[in-house]
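Below is one structure, written out as structure tokens; the observations come after it.
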Amino acid sequence: MGTEYYTGALGQENIHILLHAMGHTLGLDDFYDWTPTGAGGFLMKAGAADHVTEFDTWMARDFWRHLKSRYGIPA
Ligand SMILES: [Zn+2]
673 MGTEYYTGAL
683 GQENIHILLH
693 AMGHTLGLDD
703 FYDWTPTGAG
713 GFLMKAGAAD
723 HVTEFDTWMA
733 RDFWRHLKSR
743 YGIPA
């Protein structure tokens, strides 16, 4: 995804593709073939949500929690 798309998306009402891409910059993976139990729709399952969901925020926190513990960074 190029810079032109990013800057163009900032003026749009529905920016779920931009939000999905931003999730990748935070280290989150795509979820195309699997929906975690009880998660419902969320941004990193492309097309399943149009806003940041509670599950997206949980995934971001969980990813960074594991990263910190892997490198011995105190919580
Ligand atoms: Zn993706």
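Here the sequence shown is numbered in the working numbering, starting from 673 and rising by one per residue. Beta carbons are placed, not taken as given, at the ideal position from N, Cα and C, and that holds for glycine.
- Exposed is the label assigned to methionine 673, since fewer than 16 other Cβ atoms lie within 10 Å of its Cβ.
- Taking non-hydrogen atoms of ligand 1 into account, the C-beta of aspartate 722 is found less than 6 Å away from none of them.
- Annotation: leucine 698 to histidine 738 spans about 13 Å, alpha carbon to alpha carbon.
- Taking C-beta atoms as the reference points, aspartate 728 and leucine 715 count as a pair closer than 7 Å.
- Boundaries of the alpha helix (DSSP H) around glycine 680: 675 to 681.
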